[in-house]
Amino acid sequence: NIHVISFSYIQLREGFRRIHPPQDHETTSSDSRLSRCFTFSRDGTLFSWCNGHSVSVVKCSDGSVVSTFDLPKTTLLEFSPLNNVLVTWQPYTKSQDSPQGDANLQLWDLQSSQLIKALFQKKVDSWCPSWSEDEKICVRSVNNELHFFENNDFNTIANKLHMQKVSDFELSPGGQPSKVAVYVPGSKGAPSFVRLYQYPVLGGPSAALANKSFFKADRVTMQWNKKASAVLVTASTEVDKTGASYYGEQTLHYLAVNGETALVQLPKNGPIYDVAWSPNSAEFCVVYGFMPAKATIYNLKCDPVFDFGTGPRNAAYYSPQGHILVLAGFGNLRGQMEVWDVKKYKQVSKPEAPDATHFSWCPDGEHVVTATCSPRLRVSNGYKIWHYTGSVLHKWDVAAGSELWEVRWQLFPERSFPERAVKYQAVPSELGSTQAQTTQAYRPPALRHLPATPSSKLHEDEPPQNLRPGVSGERSLSKSALKNQKKREAKKASLDVSSKSLQLHLQCGLSGSSETRDVIEFHKF
């Protein structure tokens, strides 16, 4: 069943339930049948799920039914931005009665509950069409080309982007003019490339707003910033031919709609674990490097602004308002979370959520949820709701024999929750907090009566550094830059000493014998 607390729905093996905020935990709606999938509309007013018998759409305000569709095999659901269309997808199959297979991607009119269009979508990758926020433009990838539809008319292809082997695309957020980033993998020695276009200008040599070519790319991840002014492209290879990394190789590229492109320079070798845009669209955070990983904030010139040092982390999450950043280490790490005030670059708290497989911000920018879900982990399933200061406000564990599959916050329209001042004192909670405890190195029993001595470490942790230009115009240098600066200063000092020594010898030689002066003049020449 599906189970909801505050603004979140919890999907269980038995179905789903919805629950009020922590102060009132009574169930308001439930479905005890096996639930395959569920989703919210972007404004949070509608909720849809499939229970293996049908797909239902209800209003979140009162639970009243909006539409019901006889689609028992649906495994993926999505609403269009203005809630005019519901998209359903089920695995593509063939049968004796239908050797060509049936159309498995269906678009439904939510007002009339009528089918708008049935399409074939064999692969689950990029299964859902992408809309602009005003629903004037919709894009699908079909046979390595992009099909554009206008005003939800899916019977007429309004425009096409013809390119060789377009394998991925990303439509810009926001309204018109819409832009699209497309990726074409390299072949026969030619590099891969990403290009930006502005609809409807899609053809011609000068149509592209920006172009970035690169090698070593089996796949890419493209991320627009909120203002649709720039894209970050993470290019990855499956195998690192040098053998340095189990995760393959990754590079990070920057493209702006004004034509500027750059390779983001990362000072530490190793994988790129996560890249996240700030909601202000002016900065982005990168988590990278062999463990302990570094995390750095960059500006739109791809210059480092703040370095968080090193730590056990592999993910970055900005609050919806952009005033708080959480650096976390989940998966094979111990679940440490570092909560930072990104305006003052000051750490707020450092809680731990062991075994967490899911993290997400509440739209209010004050609370987060962590969860342990199946099939990633089939034991100790449950979730916790936190205040960002580290206090656990609510905890729920799955009963024996049950599994937790998914957790989601109910969405809300933008600007529903204004930014609040950052608190540094943990909010009161009956469950307390789980701040990370500092641990000491193991000491054998025979040595525990002796005074403690500094233990040798496998690595030295790097402290946070503010890399922004200071009031005096100087910049705080990173550890490697400081080392290079010291080398240059030492070389300069050595040259100064040599110059002074030469001048001294010349002065002494001028007052000596003619033979000495001749030798000095020879060396001077």
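Just so it is clear: in the sequence shown, position 101 is 101 by UniProt numbering, and no numbers are missing. We put the beta carbon where it would ideally sit given N, CA and C, even for glycine.
Distance, residue j Cα to residue i Cα
i           : j      : result
LYS216      : GLY52  : 43 Å
ALA118      : THR39  : 20 Å
VAL264      : ASN225 : 16 Å
GLY401      : GLU419 : 41 Å
ARG219      : PRO428 : 46 Å
THR68       : CYS50  : 10 Å
ARG408      : ILE385 : 12 Å
LYS343      : SER319 : 13 Å
GLU403      : ALA356 : 14 Å
ALA293      : PHE169 : 29 Å
HIS147      : PHE79  : 19 Å
THR251      : TYR298 : 15 Å
ALA295      : TYR183 : 27 Å
PRO191      : SER281 : 29 Å
GLY322      : VAL422 : 11 Å
CYS302      : GLU283 : 9 Å
HIS449      : PRO279 : 53 Å
VAL124      : PRO91  : 8 Å
LEU393      : GLY329 : 21 Å
LEU467      : VAL305 : 5 Å
THR389      : PRO375 : 30 Å
GLY270      : GLN96  : 51 Å
TRP340      : LYS346 : 6 Å
PRO463      : ASP307 : 8 Å
GLY331      : VAL180 : 32 Å
GLY101      : SER141 : 19 Å
LEU504      : ALA490 : Note that LEU504 scores 45 on pLDDT, short of 50, meaning its location in the model is unreliable and no value can be drawn from it.
SER61       : SER48  : 13 Å
GLY189      : PRO363 : 46 Å
GLU406      : LEU377 : 12 Å
CYS128      : TRP361 : 24 Å
TRP131      : ILE157 : 14 Å
LEU300      : LYS227 : 13 Å
MET222      : GLU238 : 17 Å
ILE116      : PRO200 : 24 Å
THR242      : LEU266 : 18 Å
residue 555 : GLU430 : Nothing about residue 555 can be read from this structure; the chain reaches only from 1 to 525.
Neighbour-count burial assignment, residue i, 16 or more Cβ in a 10 Å radius
i           : result
HIS367      : buried
LEU447      : exposed
GLY259      : exposed
GLY204      : exposed
SER98       : exposed
THR234      : buried
VAL348      : buried
ARG334      : exposed
TYR424      : exposed
ILE324      : buried
THR261      : buried
PRO445      : exposed
PRO351      : buried
ASN314      : buried
GLN164      : exposed
residue 549 : Missing from the structure shown is residue 549; the chain here goes from 1 to 525 and no further.
Short Cβ contact (8 Å threshold) for residue i with residue j
i           : j      : result
PRO185      : SER172 : no
GLN121      : ASN104 : yes
ASN381      : THR370 : no
ASP70       : THR310 : no
VAL58       : THR74  : no
LEU107      : ASN159 : no
ARG253      : PHE214 : Arg is not the amino acid found at residue 253; the sequence shown has His there. Yes.
LEU77       : THR88  : yes
LEU255      : VAL231 : yes
MET337      : ALA316 : no
GLY289      : LYS268 : yes
LEU34       : VAL66  : no
residue 583 : PHE417 : Beyond the ends of the chain as shown, which are 1 and 525, falls residue 583; an answer cannot be given.
SER229      : VAL257 : yes
PRO410      : GLY44  : Rather than Pro, the amino acid found at residue 410 in this sequence is Gln. Result yes, Cβ atoms of GLN410 and GLY44 sit closer than 8 Å.
Chain B within 8 Å of residue i, Cβ atoms only
i      : result
PHE417 : The structure shown contains no chain B; it is built from a single protein chain.
Query - In chain order, each beta strand (DSSP E) run of at least 3 residues that lies wholly inside the stretch 349–437 - result: 358–361, 367–372, 382–387, 392–397 and 404–409
Query raised in the report: How about the stretch 268–276 and the stretch 179–199: do they share at least three Cβ pairs that are nearer than 8 Å?
Result: no
Query raised in the report: Counting Cβ pairs closer than 8 Å, one from the stretch 208–215 and one from the stretch 143–162, do we hit at least three?
Result: no
Query raised in the report: With a cut-off of 8 Å, do at least 3 Cβ pairs link the stretch 108–116 to the stretch 75–95?
Result: yes
Query raised in the report: Is it a yes or a no for the stretch 174–188 touching the stretch 129–149, going by three-plus beta-carbon pairs under 8 Å?
Result: yes
**Report entry** Secondary structure, beta strand (DSSP E): runs of 3+ residues fully inside the stretch 304–330
**Finding:** 304–311, 315–318 and 324–328
Query raised in the report: Which whole runs of the beta strand (DSSP E) in the stretch 202–249 are 3 residues long or more, in chain order?
Result: 210–214, 219–224 and 230–236
Requested in this report: Pick out the complete beta strand (DSSP E) segments inside the stretch 131–193, 3 residues or longer, and give them in chain order.
Outcome: 137–142, 145–150, 159–161, 168–171 and 179–184
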